[in-house]
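Sequence lines, in order, name chains A, B and C.
Oh and the first sequence: position 250 is 249 in numbering that gives the first Met the number 0, straight run, nothing missing.
Oh and the second sequence: position 91 is 90 in numbering that gives the first Met the number 0, straight run, nothing missing.
Oh and the third sequence: position 99 is 98 in numbering that gives the first Met the number 0, straight run, nothing missing.
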Amino acid sequence: MTGVGTNYFGKPMSRVDGRAKVTGAAKYAAEHNVAGLAYGYAVASAIARGRIRAIHTAEALAVPGVLDIFTHAHRPKLASSDEKYGDEVAPPGSPFRPLYDDQIRFSGQPVALVVAEDPETARFAASLIRIDYDQRTHITDLEGNRGRARAVSENGESHSHKRGNATRAFDHSPIRIEVEYRMPVEHHNPMEMFGATAIWEGDGRITIYDKTQGPLNCRNYVANVFGMSQDAVRVLSPYVGGGFGSGLRPQYELPLAVLAARALRRSVQVTLTRQQMFTIGYRAANIQSLVLAADADGRLTSFRHEWLGMTSRFENFQRSYVTWSSQLYKCDNVEFTQKLVKLDHNTPCDMRAPGGAEGLFAIECAMDELAYAANLDPLALRLLNYSDKDQIDDKPYSSKELRECYRQGAERFGWSKRSAKPRSMREGNELVGWGMATGIWEAMQMEASAKAVLTANGSFEIASATADIGPGTYTMMTQVAAEMLGVPIEHVTAKLGDSGLPHAPVEGGSFTTSSVGCAIQTACRAVQKELLWLAQKAPHSPFAGAKLEDVTFADD
Amino acid sequence: MTITLHVNGVAKKLNLAPWTTLLDALRIHIGLTGTKLGCDHGQCGACTVLVDGRRINSCLTLAVMKDGAQITTIEGLAKDGVLHSVQQAFIDHDAFQCGYCTPGQICSAVGLIGEARAHSAEEIRELMSGNICRCGAYPNIVAAIEQAMSRKPASRPKAEHE
Amino acid sequence: MNNFEFTRATDVADAVRQIAADPGATFVAGGTNLIDLIKEGVTKPSRLIDITRLQLNRVEETSDGGLRIGALVPNSDLAYHPQIDKRYPLLASAILAGASPQLRNMATTGGNLLQRTRCFYFYDTTTPCNKREPGSGCSAIDGLNRMHAILGASEHCIATHPSDMCVALAALEAHVLAAGHNGERSIAFADFHRLPGDTPHIDTNLNKDEIITAVELPPNGFAKNYSYLKIRDRLSYAFALVSVAAALEIENGVIRQARLALGGVAHKPWRDRRAEAQLSGAPATRESFMGAAQTLLSDARGFGHNDFKIELARRAIVRALSQAASATPQSQIDKRVR
Numbered sequence: 000m001t002g003v004g005t006n007y008f009g010k011p012m013s014r015v016d017g018r019a020k021v022t023g024a025a026k027y028a029a030e031h032n033v034a035g036l037a038y039g040y041a042v043a044s045a046i047a048r049g050r051i052r053a054i055h056t057a058e059a060l061a062v063p064g065v066l067d068i069f070t071h072a073h074r075p076k077l078a079s080s081d082e083k084y085g086d087e088v089a090p091p092g093s094p095f096r097p098l099y100d101d102q103i104r105f106s107g108q109p110v111a112l113v114v115a116e117d118p119e120t121a122r123f124a125a126s127l128i129r130i131d132y133d134q135r136t137h138i139t140d141l142e143g144n145r146g147r148a149r150a151v152s153e154n155g156e157s158h159s160h161k162r163g164n165a166t167r168a169f170d171h172s173p174i175r176i177e178v179e180y181r182m183p184v185e186h187h188n189p190m191e192m193f194g195a196t197a198i199w200e201g202d203g204r205i206t207i208y209d210k211t212q213g214p215l216n217c218r219n220y221v222a223n224v225f226g227m228s229q230d231a232v233r234v235l236s237p238y239v240g241g242g243f244g245s246g247l248r249p250q251y252e253l254p255l256a257v258l259a260a261r262a263l264r265r266s267v268q269v270t271l272t273r274q275q276m277f278t279i280g281y282r283a284a285n286i287q288s289l290v291l292a293a294d295a296d297g298r299l300t301s302f303r304h305e306w307l308g309m310t311s312r313f314e315n316f317q318r319s320y321v322t323w324s325s326q327l328y329k330c331d332n333v334e335f336t337q338k339l340v341k342l343d344h345n346t347p348c349d350m351r352a353p354g355g356a357e358g359l360f361a362i363e364c365a366m367d368e369l370a371y372a373a374n375l376d377p378l379a380l381r382l383l384n385y386s387d388k389d390q391i392d393d394k395p396y397s398s399k400e401l402r403e404c405y406r407q408g409a410e411r412f413g414w415s416k417r418s419a420k421p422r423s424m425r426e427g428n429e430l431v432g433w434g435m436a437t438g439i440w441e442a443m444q445m446e447a448s449a450k451a452v453l454t455a456n457g458s459f460e461i462a463s464a465t466a467d468i469g470p471g472t473y474t475m476m477t478q479v480a481a482e483m484l485g486v487p488i489e490h491v492t493a494k495l496g497d498s499g500l501p502h503a504p505v506e507g508g509s510f511t512t513s514s515v516g517c518a519i520q521t522a523c524r525a526v527q528k529e530l531l532w533l534a535q536k537a538p539h540s541p542f543a544g545a546k547l548e549d550v551t552f553a554d555d
Numbered sequence: 000m001t002i003t004l005h006v007n008g009v010a011k012k013l014n015l016a017p018w019t020t021l022l023d024a025l026r027i028h029i030g031l032t033g034t035k036l037g038c039d040h041g042q043c044g045a046c047t048v049l050v051d052g053r054r055i056n057s058c059l060t061l062a063v064m065k066d067g068a069q070i071t072t073i074e075g076l077a078k079d080g081v082l083h084s085v086q087q088a089f090i091d092h093d094a095f096q097c098g099y100c101t102p103g104q105i106c107s108a109v110g111l112i113g114e115a116r117a118h119s120a121e122e123i124r125e126l127m128s129g130n131i132c133r134c135g136a137y138p139n140i141v142a143a144i145e146q147a148m149s150r151k152p153a154s155r156p157k158a159e160h161e
Numbered sequence: 000m001n002n003f004e005f006t007r008a009t010d011v012a013d014a015v016r017q018i019a020a021d022p023g024a025t026f027v028a029g030g031t032n033l034i035d036l037i038k039e040g041v042t043k044p045s046r047l048i049d050i051t052r053l054q055l056n057r058v059e060e061t062s063d064g065g066l067r068i069g070a071l072v073p074n075s076d077l078a079y080h081p082q083i084d085k086r087y088p089l090l091a092s093a094i095l096a097g098a099s100p101q102l103r104n105m106a107t108t109g110g111n112l113l114q115r116t117r118c119f120y121f122y123d124t125t126t127p128c129n130k131r132e133p134g135s136g137c138s139a140i141d142g143l144n145r146m147h148a149i150l151g152a153s154e155h156c157i158a159t160h161p162s163d164m165c166v167a168l169a170a171l172e173a174h175v176l177a178a179g180h181n182g183e184r185s186i187a188f189a190d191f192h193r194l195p196g197d198t199p200h201i202d203t204n205l206n207k208d209e210i211i212t213a214v215e216l217p218p219n220g221f222a223k224n225y226s227y228l229k230i231r232d233r234l235s236y237a238f239a240l241v242s243v244a245a246a247l248e249i250e251n252g253v254i255r256q257a258r259l260a261l262g263g264v265a266h267k268p269w270r271d272r273r274a275e276a277q278l279s280g281a282p283a284t285r286e287s288f289m290g291a292a293q294t295l296l297s298d299a300r301g302f303g304h305n306d307f308k309i310e311l312a313r314r315a316i317v318r319a320l321s322q323a324a325s326a327t328p329q330s331q332i333d334k335r336v337r
């Protein structure tokens with residue numbers, strides 16, 4: 000690291016992509032109006048389960064301006080093995096294959112793509128398509144199908160965990176609560192709908208502007224599904240209108256646009272409608288049951304947490320929902336289980352703190368109920384049961400500032416003024432509820448690479464194949480690079496959202512700064528070394544014999 | 000049908016099917032992609048533009064019905080490279096993340112200021128409720144609009160430790 | 000959208016002529032509901048007749064001291080019009096409770112009256128809907144019916160009328176002026192919108208060849224004691240679960256005249272003359288208000304997902320009448336319900 004104090008780290012600065020965004024100059028995936036562009040409109044299935052008996056497209060094909068209508072019965076060749084469709088983030092199972100066969104596997108499944116000279120014609124022609132279905136009884140209700148829930152292990156790893164004897168400890172404890180919480184399906188619905196502009200380069204290559212959190216993931220997916228070499232496919236996502244997890248996996252506009260481009264040998268743009276944004280991945284509806292017990296002082300003696308959630312019939316999606324309490328609260332007798340119910344919906348996908356948002360909500364609500372059962376202040380209950388180690392891995396934390404967060408929060412929010420009795424606080428004719436809860440998240444780091452180029456005129460370019468869905472990745476990359484080399488912010492250009500750039504993981508999990516940021520630091524350190532070496536080569540160099548750690552890089 | 004739209008001060012003669020929305024006319028026929036498609040049904044405000052000075056949803060407007068109208072899009076707010084006070088305020092207050100709702104928010108805010116009916120933060124919030132932001136930049140959007148309204152000099156928000 | 004012809008009407012007579020000549024034609028003004036429905040494939044007019052150049056955009060006093068509002072006056076212009084603000088604040092409040100500023104800038108008085116239900120089954124062309132396709136069935140009755148009617152419904156349709164402005168117009172006893180090839184007529188507001196009965200595909204009593212030219216307000220705007228209270232799933236830019244337009248004339252603590260109209264609960268703005276008669280002559284107290292609510296809701300029934308609306312309506316009626324009585328109307332900016 001460079002000298003004392005920092006120029007950019009930890010200091011607020013205006014986003015480097017701000018001007019592009021406030022002037023409308025920033026172009027998103029479906030805004031690249033290349034010459035000869037055709038437009039695709041996806042048709043959604045009217046049933047949730049069954050098969051397509053026939054698709055009648057004659058009337059639609061006759062509409063002037065319609066170029067073609069792709070269906071499972073009329074499409075170019077697609078890969079035929081699960082592993083070709085499996086992307087970096089795919090859960091265990093058989094990934095969905097758009098327009099592959101006549102099977103309807105979920106509510107809203109895309110079953111046809113109309114391609115026309117303009118989007119309005121494509122949409123109108125789509126309304127003329129008639130589909131005959133053999134409809135089967137669908138199951139989409141989690142609550143009514145709880146009985147079908149099964150615990151599912153992935154790659155031999157189960158999501159269950161047990162310590163001590165939770166049932167016996169519960170039976171012998173004076174304070175006991177049993178609660179059940181429900182969460183409905185939550186849809187990401189970023190402001191930008193999923194869209195892709197597949198540009199037919201004419202020489203076997205295809206360049207795709209796609210709305211995605213992972214351009215590399217999408218590039219590999221396209222190459223696999225269409226049997227193309229990775230060099231022939233380039234995916235670009237310089238500006239992404241929100242993702243929240245929905246863009247971690249390739250969404251179906253991507254293969255549909257590529258499929259049409261390859262068949263028509265033309266550039267094709269496909270945008271999902273807002274309604275279709277409800278047919279992609281989502282946060283799974285779930286039912287969580289918690290059974291807690293404590294001794295007379297409020298110390299946890301037993302903690303059981305079961306998560307029951309939905310998944311598709313073809314993939315088993317789950318994250319870690321039920322182990323969070325063992326990172327937060329000391330307890331020797333625990334039993335955690337996760338179960339899945341297969342429904343006729345598309346597969347859920349990651350959404351804002353996947354696993355954590357669901358599990359912690361339930362755990363904290365349950366702890367709140369326990370506080371009342373134990374006649375303890377909810378914050379005091381947390382502190383009494385505070386754990387300094389992860390009890391599943393049985394390792395102490397290298398650092399955990401939660402106690403300090405509680406202390407500062409209590410002070411700043413005036414927690415001591417809170418009246419503990421329910422319904423005891425009011426303002427006018429409104430009751431005031433006042434509580435607290437804890438949120439934690441794992442600090443992760445993934446493999447990433449970055450490229451740094453410093454030119455003789457002092458401009459500096461830093462690049463990695465990550466994306467920026469809004470958290471400010473462009474700005475973070477710029478800050479890190481400027482800090483490392485001591486150059487003014489204005490001289491640094493960050494490049495991302497391009498599968499041709501150095502490898503980066505999908506932008507998710509809150510790990511991009513730790514991963515890509517560190518890769519940038521490493522790349523910059525290499526530039527520093529090179530600069531120092533060059534400086535030392537000069538005759539009578541003042542830097543002769545200097546070590547890298549003794550040198551400061553600054554802009555005069 | 001042949002119509003003329005005066006977009007950001009430039010007369011654009013267009014030959015359009017009557018069912019072409021103003022939004023599609025701007026984004027596809029004229030190539031001004033700054034105005035965004037967020038829902039296509041008037042439920043999100045991302046397509047907000049100013050027509051004869053009034054903010055409207057361009058996705059529910061037929062282009063042919065605005066023949067001869069003065070239309071201002073996000074691309075037309077800056078003058079000679081100098082950002083409009085609302086655009087600058089959005090940068091100063093970090094009033095966006097992904098940026099997709101931003102052109103609609105800014106055009107809507109310009110319309111709001113022209114209507115001169117919002118004077119408090121509460122009024123700004125209610126009279127900007129036709130613009131959805133899924134990244135949740137609302138508090139910063141309100142602050143940016145307050146700045147633009149008061150024409151106070153831009154100030155960078157202080158960090159906690161400063 | 001389907002391919003349609005597009006023409007412009009030059010004046011009212013021309014508009015009437017054009018619409019009478021083409022059964023597949025429809026007028027377009029603001030387009031905020033019509034364009035939405037065409038995009039969804041719910042309605043497929045063969046011709047759109049643009050009426051925006053008709054001279055129907057004035058607000059003027061009538062000979063009896065009331066107000067005539069041209070059919071093309073935009074909702075926002077109407078809400079902020081000094082005469083409306085001063086004399087008919089209930090109407091202004093109701094308009095400002097609806098939609099968004101952008102939509103209010105586009106939508107017209109006439110269009111607001113004619114807007115169609117937002118029932119999701121009406122919108123979803125893959126599901127049975129008697130309003131969209133007579134005889135196909137009603138998917139809402141045994142389906143997801145949170146937004147649906149608790150009063151005046153039939154076995155054929157339980158949809159609600161989504162307008163806020165219309166609830167105020169119903170309470171104020173406005174009249175709708177229409178021009179057709181048979182001449183002009185005035186329709187009492189209570190007779191403008193229909194209940195579903197066994198003809199749910201017909202929303203209003205306007206004839207196919209008629210164009211709304213204006214809405215007339217009587218002289219009494221109940222400007223002193225009124226409130227428009229709208230309860231919905233979020234604070235703004237959403238349709239009502241239940242809304243109440245309450246207007247009172249009070250003298251020495253006794254109600255001389257009461258108007259009470261509900262939105263979000265029926266196929267049209269809901270008024271119950273028995274409830275209003277009950278309030279007339281009664282003290283302006285909570286007990287009186289609860290009695291009126293009881294009467295108005297005596298025949299209310301839920302359909303499974305909207306049962307909560309009955310109790311919600313009861314409380315909203317009492318609250319709105321209390322707000323009106325104390326001259327502290329619900330603010331459409333400060334959302335706290337005091």
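For every residue, glycine included, the Cβ atom is placed at its ideal position computed from N, Cα and C.
Note that the structure is a prediction, hence the values are computed from the model and not measured.
Straight-line gap, residue i to residue j (C-alpha atoms, nearest Å)
| i | j | result |
| --- | --- | --- |
| C/Arg318 | C/Asp333 | 16 Å |
| A/Glu185 | A/Phe542 | 59 Å |
| C/Val264 | C/Thr294 | 15 Å |
| C/Ile48 | C/Ile157 | 31 Å |
Helix, strand or coil at residue i according to DSSP, with G and I counted as helix
| i | result |
| --- | --- |
| A/Thr521 | helix |
| C/Ser185 | strand |
| A/Arg167 | helix |
| B/Ala16 | coil |
| A/Asn216 | helix |
| B/Cys58 | helix |
| B/Ile29 | helix |
| A/Met445 | coil |
| C/Gly262 | strand |
| A/Tyr405 | helix |
| A/Trp433 | coil |
| C/Pro328 | coil |
| A/Trp306 | strand |
| A/Ala464 | coil |
| A/Pro290 | For clarity, residue 290 of chain A is Val in the given sequence; the question names Pro instead. Strand. |
According to DSSP, residues forming a beta bridge with residue i
| i | result |
| --- | --- |
| A/Lys388 | A/Pro395 |
Buried versus exposed call for residue i [16 or more other C-beta atoms within 10 Å across all chains shown]
| i | result |
| --- | --- |
| C/Ile201 | exposed |
| A/Ser106 | buried |
Q) Got a sec: which bits of the stretch 15 to 32 of chain A sit with their beta carbon under 9 Å from any beta carbon on chain B, in order along the chain? A) Asp16, Gly17, Arg18, Ala19, Lys20, Val21, Thr22, Gly23, Ala24, Ala25, Lys26, Tyr27, Ala29, Glu30, His31 and Asn32
Q | Contacting positions in the stretch 9 to 23 of chain B - beta carbon closer than 9 Å to chain A | A | Ala16, Trp18, Thr19, Thr20 and Asp23
Q: Determine which residues of the stretch 60 to 71 of chain B have a Cβ less than 9 Å from any Cβ of chain A, and write them out in chain order.
A: none
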